[in-house]
Each structure stands twice: as C-alpha cells, then as structure tokens.
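To start, the structure itself, in structure tokens.
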Amino acid sequence: MISRRGLLVAFASGAAAFGLTGLSQTAANAAKTYTVCKTSAVAVRSGKTFTVGGKKILITQPKKGSFKAFVAVCTHAGATLTGATNNEIQCASHGARFDAETGMAKAVAPKALTKVTVSVSGGNVRVRF
Ligand code: FES
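Take our numbering: the last position of the sequence shown gets the number 127, and nothing is skipped along the way.
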C-alpha cells in the first residue's frame, strides 16, 4: 500500500515530468496586450468603458497623463460600470462609488475594483490581461 506522502511525492514527480509545474508561468505568458483607445479619448478626471478582447474595461485618467484600468464590473452585484466623473466611478444600479485612481470602494460595494495592467505608447492607451 502506498502512503499518502508517497502518493504526493509520486504525483509531484509525475507533474514535473509532464511540465505541469510551469502551468502558471504559461498562463502569465498567454496574456495579451490590447490597444484600447487614443489618450485623447478619456478626459482628465473622467473615465470611459471599452470592450477589449471580449471584456469590458474601464479606463480612467485621474491626473493628466496618468491612466488607470479596471475590469468594468461592479463588486456589489456585477453591473457594468460605464464611466467616471470628477475622479469617481459610479454604478448606476445601486449607487456604489469607487476611487478612479485606485479602484477602492467608497460606498455600497464591498471591495475594490479589479485592476488591469495599463500603459501608454505612441499616444495609445494599452492594457494587458
Ligand atoms: S451592482 Fe453596482 S451598486 Fe449594485
């Protein structure tokens, strides 16, 4: 009979042999970069939602030249977030509010928005996920 420890060691050896330990690295390498919009499409202290790679992504520009990106799904009950004004993202469903720079919840929602990696290149806002 194989002990529990022996079974774990055997599984780990087998996983390594089949390259399974590199799965998380493979997933990280599978991330793609998408061009979302021109930097001029999102005004300072506001935000807009775009469909990118089949996902709704909310881009904000809290300070001139500083862009942030979030998954545009409200953490209260999953409504789609459509934009931001005065550096605040508001959900039309039940009034949740989020900081447009950090994504931190200010009211109603239980937690912060999910951040997305964002960059600017050649006047374009790009995200990676
Ligand atoms: S779903 Fe956004 S506040 Fe309820």
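Even glycine gets a Cβ: it sits at the ideal position worked out from N, Cα and C. Quick caveat, the model's predicted, so the values are computed rather than measured.
- In this structure, the ligand FES has no non-hydrogen atom nearer than 7 Å to the beta-carbon of residue 82.
- In this chain, residue 112 is not harboured by any beta strand (DSSP E), its DSSP state being neither H nor E.
- Per DSSP, the continuous beta strand (DSSP E) segment holding residue 64 begins and ends at 64 to 69.
- Here residue 85 has 43, 60 and 98 as same chain residues with Cβ atoms under 6 Å from its own Cβ, once five neighbours each way along the sequence are excluded.
- According to DSSP, residue 35 shares a beta bridge with 123.
- Closest option to residue 47, judged by alpha-carbon separation, among 88, 118 and 30: 88.
- The three-state secondary structure of residue 99, taken from DSSP, is coil.
- Between residue 70 and the set 123, 82, 120 and 28, the nearest pair of CA atoms involves 82.
- The closest heavy atom of the ligand FES lies less than 7 Å from the beta carbon of residue 76.
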